[in-house]
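Single-structure report; data block below.
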Ligand code: NAP
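In this note's numbering, the protein residues as written are 16 to 479.
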């Protein structure tokens with residue numbers, strides 16, 4: 016029988032990298048072609064290599080490369096470049112490897128330390144690469160400085176090109192091109208079963224996300240989609256235990272109903288009063304909640320640290336509750352704005368020292384926006400297919416300069432709220448980070464393995 020070999024799929028990340036590298040190459044290659052000895056100086060040292068490397072690092076390293084992460088890398092280039100160039104002042108002493116090697120090590124450590132000091136961990140790589148590029152070379156004399164300056168210019172231009180290409184091209188492929196092929200899981204007699212339950216549940220992205228991760232990690236599990244009617248969690252749990260499921264995720268409306276059915280609850284499930292992850296071990300059900308922690312990790316990925324800050328959360332539904340309680344636990348002051356005030360009050364009663372309920376009128380929204388350092392939308396307004404939308408966005412005018420705006424919604428990738436906030440110059444973050452981080456945490460509980468979330472984000476960026 017004729018066997019067809021599927022072609023590797025090309026995702027947007029690959030396309031962005033290829034475009035950025037080509038632009039960098041075209042920009043710098045004339046320097047190499049035109050270079051003559053008499054041209055000398057920095058221009059004579061210029062070439063496309065480091066710009067292309069910078070493009071690859073910038074476009075390949077993170078899920079939906081953000082402006083902030085690009086800025087971090089630029090800072091890394093400046094820190095590493097400055098330290099590396101300053102070291103050249105040691106002159107001929109650097110020709111001695113017993114001097115050069117410890118100096119290079121010390122410079123890299125100093126660069127990393129400086130980047131961490133200014134809370135830019137993503138800058139660390141560049142802060143180490145640049146001194147290595149500058150110091151590990153046979154170039155001597157004054158040309159060393161030209162060489163260092165040329166490498167810095169190339170790297171900075173390469174990063175700027177990568178950021179530009181990233182902003183100009185869409186993050187996601189059209190729906191029709193996305194990968195059902197990622198759901199083609201290999202099954203064996205030993206394959207263990209996982210699933211997501213909900214009512215309805217057919218729209219859930221969890222099977223695509225989890226099966227993609229399981230495949231990438233080479234774990235012998237399959238993740239299914241299981242409709243369970245409201246009020247039938249007890250029956251489902253017995254069934255799952257009998258059928259040998261390793262665990263399952265729960266979405267609306269089951270998260271609260273599962274709480275009393277668990278043999279053991281983790282701290283977050285108890286705090287939030289909801290279970291989104293159940294592990295079945297030796298016939299016992301262990302309930303976890305990964306939503307709140309997933310949200311905090313998604314913020315950290317974007318360089319947002321809520322401790323000591325004031326956060327306005329719009330909404331008081333299930334997602335908002337997890338977000339508010341974890342923000343409060345992390346040391347933030349949270350203003351909970353909800354249309355139904357009772358629901359905001361009920362959340363705030365858990366931790367009145369950190370949580371304050373307000374209504375959802377235009378003035379209340381404007382006041383909350385003006386008082387906060389971070390605004391989070393936890394309502395369904397703006398969600399694909401929900402039909403609901405904010406009446407107006409004038410409350411965004413009250414936001415402090417530099418206050419990020421986060422939307423828990425991930426479809427569409429850019430809600431009208433995020434678009435309006437971006438127009439006003441604010442950093443914006445959609446709900447994809449939460450979706451991925453909570454899924455990674457769940458999979459860690461299911462499989463009892465430690466998973467590299469950054470690596471999984473790269474894999475998932477190709478299918479979501
Ligand atoms: P939920 O429990 O149904 O809560 C919906 C919230 O939206 C409530 O606070 C509700 O206010 C508010 N709301 C709805 N229509 C409104 C309107 N017209 N005006 C003002 N407020 C309105 O839903 P949920 O589970 O918390 O989910 C909320 C959003 O988060 C959804 O869009 C969902 O897609 C998203 N989410 C994302 C992730 C992720 O992984 N990224 C995870 C979970 C949820 P009332 O209380 O007054 O009704």
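Backbone N, C-alpha and C fix where the C-beta goes; we use that ideal spot for every residue, glycine too.
Classify residue i as helix, strand or coil using the three-state DSSP reduction.
{"i": "residue 208", "result": "strand"}
{"i": "residue 374", "result": "coil"}
{"i": "residue 46", "result": "helix"}
{"i": "residue 217", "result": "coil"}
{"i": "residue 263", "result": "strand"}
{"i": "residue 253", "result": "helix"}
{"i": "residue 442", "result": "coil"}
{"i": "residue 323", "result": "coil"}
{"i": "residue 156", "result": "coil"}
{"i": "residue 268", "result": "coil"}
{"i": "residue 185", "result": "coil"}
{"i": "residue 471", "result": "helix"}
{"i": "residue 482", "result": "Nothing in the structure corresponds to residue 482, since the chain is present only between 16 and 479."}
{"i": "residue 354", "result": "coil"}
{"i": "residue 367", "result": "coil"}
{"i": "residue 28", "result": "helix"}
{"i": "residue 302", "result": "strand"}
{"i": "residue 461", "result": "helix"}
{"i": "residue 296", "result": "strand"}
{"i": "residue 146", "result": "helix"}
{"i": "residue 232", "result": "helix"}
{"i": "residue 190", "result": "Note that residue 190 has pLDDT 49, beneath the 50 cutoff, so the model's placement of it is unreliable and the number below is only indicative. Reduced to three states, the DSSP call for residue 190 is helix."}
{"i": "residue 7", "result": "Beyond the ends of the chain as shown, which are 16 and 479, falls residue 7; an answer cannot be given."}
{"i": "residue 38", "result": "helix"}
{"i": "residue 244", "result": "coil"}
{"i": "residue 455", "result": "helix"}
{"i": "residue 478", "result": "coil"}
{"i": "residue 171", "result": "helix"}
For the ligand NAP, I want to know if residue i counts as a neighbour, meaning its beta carbon is within less than 6 Å of at least one of the ligand's heavy atoms.
{"i": "residue 220", "result": "no"}
{"i": "residue 238", "result": "no"}
{"i": "residue 333", "result": "yes"}
{"i": "residue 398", "result": "yes"}
{"i": "residue 135", "result": "no"}
{"i": "residue 353", "result": "yes"}
{"i": "residue 403", "result": "yes"}
{"i": "residue 465", "result": "no"}
{"i": "residue 395", "result": "yes"}
{"i": "residue 450", "result": "yes"}
{"i": "residue 374", "result": "no"}
{"i": "residue 161", "result": "no"}
{"i": "residue 30", "result": "no"}
{"i": "residue 423", "result": "yes"}
{"i": "residue 358", "result": "yes"}
{"i": "residue 446", "result": "yes"}
{"i": "residue 330", "result": "yes"}
Pick from the options: whose alpha carbon is nearest that of residue i?
{"i": "residue 383", "options": "249, 247, 353, 65", "result": "353"}
{"i": "residue 470", "options": "227, 57, 85, 43", "result": "227"}
{"i": "residue 431", "options": "415, 458, 417, 403", "result": "403"}
{"i": "residue 83", "options": "283, 378, 175", "result": "175"}
{"i": "residue 423", "options": "44, 171, 329", "result": "329"}
{"i": "residue 89", "options": "315, 280, 314, 168", "result": "168"}
{"i": "residue 406", "options": "381, 420, 418, 421", "result": "381"}
{"i": "residue 339", "options": "254, 357, 324, 307", "result": "307"}
{"i": "residue 63", "options": "315, 46, 277, 296", "result": "46"}
{"i": "residue 372", "options": "159, 363, 378", "result": "363"}
{"i": "residue 1", "options": "313, 32, 39", "result": "This structure does not reach residue 1, given that the chain is present from 16 up to 479, and the question cannot be answered."}
{"i": "residue 144", "options": "304, 201, 413, 95", "result": "95"}
{"i": "residue 413", "options": "445, 235, 269, 327", "result": "327"}
{"i": "residue 66", "options": "29, 58, 42", "result": "42"}
{"i": "residue 396", "options": "416, 429, 367", "result": "429"}
The ligand MG and residue i: does the residue's C-beta get closer than 6 Å to at least one heavy atom of that ligand?
{"i": "residue 260", "result": "Only the ligand NAP can be found as ligands here, which leaves the ligand MG out of the picture."}
Fill in: Whole runs of the beta strand (DSSP E) within the stretch 372-430, excluding any shorter than 3 residues
Within the stretch 372-430, the complete beta strand (DSSP E) runs of at least 3 residues are 389-392, 420-422.
As an exercise, report each continuous alpha helix (DSSP H) stretch of at least 4 residues that is fully enclosed by the stretch 49-134, in chain order. Runs of the alpha helix (DSSP H) spanning 4 or more residues and lying entirely within the stretch 49-134 occur at 56-60, 64-75, 82-102, 112-132, in chain order.
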